[in-house]
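Residue numbers (this note's numbering): 83 to 475.
Working notes, beginning with the structure itself.
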Amino acid sequence: MKYDFDNSPGRGGTNCYKWDFLFQKFGDEDLLPLWVADMDLVTARPIVTALCQRAQHGIYGYSFRPDSYYQAIKGWYERRHAWEISTDWIVDSPGVVPAINFALQAYTSPGDRILVQTPVYDPFFEAVVSNNRILLKSSLILENNHYRIDFDDMKQKLSQDVKVLIFCSPHNPVGRVWRKSELLHLLALCVEHQVLVLSDEIHSDIIFPEFRHIPLASLAGSYQKNIITFNAPSKTFNVAGLMNSYVLIPDSDLREGFRNILVQNHLLEGNIFGMIALEAAYTSGEEWLNQLIGYLESNYAFLCDFIETEIPFLRVIEMEGTYLAWLDFRALGFSDTELAEIIVKKARIALTRGSQYGKEGEGFMRLNFACPRYFLETVLLRLKKVLQEISNQ
Ligand SMILES: Cc1ncc(COP(=O)(O)O)c(C=O)c1O
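Right, dumping it as structure tokens:
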């Protein structure tokens with residue numbers, strides 16, 4: 083079947099953050115929103131059908147995840163990522179961010195040092211700080227419009243008694259899909275310093291066709307027991323509101339430690355609709371996903387062409403996956419606060435401020451292009467008009 087991503091129903095009035103929380107977040111409800119990392123696109127038909135069928139039943143009591151659910155995750159990894167996992171490794175969680183918090187609670191103590199690579203998804207900072215751990219940062223290097231890991235800095239930081247690295251692969255917000263050579267280099271450093279890695283791979287299914295996501299743990303050999311992988315169908319299939327994710331923990335002791343936190347917090351049961359959506363997505367969602375990736379890639383190409391020809395003083399950082407573009411506004415010379423004011427008050431657009439992801443993000447904005455093309459074009463035309471007016475002043 084052919085999916086029509088150009089025509090999507092509006093989301094206003096559904097209590098979604100992206101459209102219905104603008105006033106609370108930006109002080110204005112009349113903005114064009116490309117901020118929150120979910121899609122303004124309808125999910126795969128088999129997911130909608132499975133959810134509707136279950137909803138029709140009318141009884142939604144306590145339920146468990148069946149064996150077919152875990153087999154669906156295993157099958158997904160085999161087909162999409164050429165990685166054979168054991169269903170025993172899979173532990174459930176309501177979300178990836180809660181799971182990262184649980185892992186920090188299970189495997190570290192207050193005062194332990196945790197490393198992240200900035201600019202990065204900011205709930206990583208909150209997870210470290212709110213659990214009273216110490217946050218260390220290693221800046222990624224921006225070179226030739228492309229980000230890379232600063233391995234010298236990583237080595238130096240890891241040698242400061244770091245217990246855990248929270249790794250983002252692919253990387254939000256800079257759009258990198260890490261190469262095998264980069265992953266191996268990173269692993270070698272983690273082995274040398276005996277660091278546990280929490281590898282957040284929630285964006286691993288939205289990869290542009292020339293690139294390939296490699297699960298970090300699949301390369302780790304005997305160190306695999308020290309790599310914990312976090313994933314969910316929530317970004318891939320636009321089902322984040324169903325609150326369902328999973329964690330791959332190959333080592334039985336570490337798995338037990340994580341499970342204990344779930345038991346303590348009475349979190350072993352899941353959301354019925356989250357379970358059903360995952361199984362339908364991972365068994366019947368690939369046709370949709372392949373078409374989605376094509377659509378997102380063409381939106382990205384449209385964004386790059388538009389900015390290159392119409393707003394040449396802006397730069398789109400080269401990306402390899404995710405639907406989150408990282409835009410460099412620094413050539414305009416505004417402070418981070420001035421830039422945010424221009425985008426919201428003059429252009430009347432809601433983007434995510436780059437500085438939210440660390441000081442390296444000052445002068446940048448993150449733009450989510452997982453929306454119908456006409457809407458992306460409307461936003462870009464507005465941005466162009468305002469930036470031209472400002473640069474002519
Ligand atoms: C890197 C990363 N991890 C986790 C999440 C959110 O995960 P969850 O909604 O399952 O907590 C996001 C959402 O944007 C993300 O970008």
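By construction, the Cβ of each residue, glycine as well, lies at the ideal position given by its N, Cα and C atoms.
The structure presented is a predicted model; accordingly, all values stated were derived computationally and were not measured.
- Comparing alpha carbon positions, the residue from LYS237, PRO201 and ASN183 closest to ARG215 is ASN183.
- Following the DSSP letters along the chain, one finds ASP149 inside the alpha helix (DSSP H) bounded by residues 149–163.
- The C-beta separation of TRP171 from ILE331 comes to about 6 Å, placing the pair in contact by the 8 Å criterion.
- For GLY177, the shortest C-beta to heavy atom distance toward ligand 1 is below 7 Å.
- Using a Cβ distance threshold of 8 Å, ARG162 and ASP282 do not count as a contacting pair.
- Shown here, ARG215 sits in coil according to DSSP, grouped into three states, outside any helix or strand.
- A direct Cα-Cα distance of roughly 13 Å separates GLY94 from MET121.
- About 20 Å separates the beta carbons of ALA422 and PHE451, which is beyond the 8 Å limit, so they are not a contact pair.
- In the DSSP annotation of this structure, PHE184 is not part of any beta strand (DSSP E); the continuous alpha helix (DSSP H) holding it starts and ends at 178–189.
- If you look at THR131, you'll find it in the alpha helix (DSSP H) that goes 127–139.
- For HIS285, no beta strand (DSSP E) run applies, since DSSP gives it neither H nor E.
- Counting C-beta pairs with one atom in each stretch, the stretch 192–211 and the stretch 370–386 have fewer than three that are closer than 8 Å, which means they do not touch.
- Uninterrupted alpha helix (DSSP H) stretches at least 4 residues long and entirely within the stretch 275–347 occur at 334–346, given in chain order.
- Checking the 7 Å criterion, the Cβ of SER281 is out of range of every heavy atom belonging to ligand 1.
- Residue pairing by DSSP places SER220 opposite GLN199 in a beta bridge.
- Leaving aside the five residues that flank ALA188 on each side, the residues in its chain whose CB is nearer than 6 Å to its CB run, in chain order, GLY339, PHE340 and ILE343.
- Taking C-beta atoms under 8 Å as the contact rule, ILE399 and ASN227 qualify, at a distance of about 6 Å.
- In the assembly as shown, LYS317 is a buried residue. Its beta-carbon has 16 or more other beta-carbons within 10 Å.
- Taking 8 Å as the cut-off, the Cβ atoms of VAL273 and TYR229 do not count as close.
- For TRP408, the secondary structure class from DSSP, reduced to helix, strand or coil, is strand.
- Of the candidates TYR85, SER175 and ASP149, the residue whose Cα lies closest to the Cα of THR311 is SER175.
- Contact between the stretch 237–247 and the stretch 195–207 is established, with three or more Cβ pairs separated by less than 8 Å.
- Per DSSP, the continuous beta strand (DSSP E) segment holding SER175 begins and ends at 172–175.
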